[in-house]
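Using the numbering used here, you'd call the opening residue of the sequence shown number 62 and step up by one each time.
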Amino acid sequence: MSIFISIASYQDPLLESTVFSAIHNADNPNNLVFGICDQSSNIKDLSAYNAQSEISMSTLILYFRRDHVGLRKSHQSLFQDEEFYLQIDSHTQFDKH
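Structure representation (structure tokens):
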């Protein structure tokens, strides 16, 4: 079972915490596939998490500001027919069920 987690982020300092929270609290982190569109002046390096989950990122330069709907649409191409699609905010925190 694979889960695509769609995250659109605009200048959110909690993006890395969100990815860590999802991976850390998942029963099987290898089933998580992240599609992240980060639009900020301080682009996060999430490559350290790639060993546990697949992370695809697209980044946008700040002067090309788009609303969240535009951001989410811009990285739809990262979705590769995973079984489930979960769209979350970039400051979401997960907990064990």
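Quick reminder that beta carbons are idealized off the backbone N, C-alpha and C, glycines included.
With contacts defined as CB atoms closer than 9 Å, S151 and I68 qualify as a contacting pair.
Boundaries of the beta strand (DSSP E) around L147: F145 to D150. Judged by their CB atoms, Q100 and S78 are not nearer to each other than the 9 Å cut-off.
Here S70 carries a strand assignment [DSSP, helix/strand/coil].
For the pair S108 and I97, the CB atoms are not nearer than the 9 Å cut-off.
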